[in-house]
């Protein structure tokens, strides 16, 4: 899964605890309705919280890194959006 590769690279190269990933609408719906069990496993494996945002400017199949950092910081940003 592409998400695991993104998280793996972030974890390897940074000390981030959380990440916000932006996706197109179709992929967002698929992830949140069908893949959260996989996402939860990835979060546990890499000890990183993953948040998702829909973005109409992103192609349906793409995933972009929006923000990453400490869990408290990312959580506060995510709640504002």
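Numbering (my numbering), first residue to last: 6 to 86. Cβ coordinates follow ideal geometry from the N, Cα and C atoms, glycine included. Owing to the predicted nature of the structure, the values given are computational and were not obtained by experimental measurement.
How long is the line joining the alpha carbons of residue 40 and residue 32, rounded to whole angstroms? Distance from the CA of residue 40 to the CA of residue 32, rounded to the nearest whole angstrom, comes to 10 Å.
Which term fits residue 27, buried or exposed, when burial requires 16 or more other beta carbons within 10 angstroms of its beta carbon? Buried, by the Cβ-count rule.
Could you pull out every residue in the same chain whose Cβ sits closer than 8 Å to the Cβ of residue 74, ignoring the five residues on either side in sequence? 21, 22 and 23, listed in sequence order.
Figure out for me which residue from 63, 36, 59 and 55 has the closest Cα to the Cα of residue 16. It is 55 whose Cα lies nearest to the Cα of residue 16.
Helix, strand or coil at residue 68 [DSSP, three-state]: Assigned with DSSP and collapsed to three states, residue 68 falls in strand.
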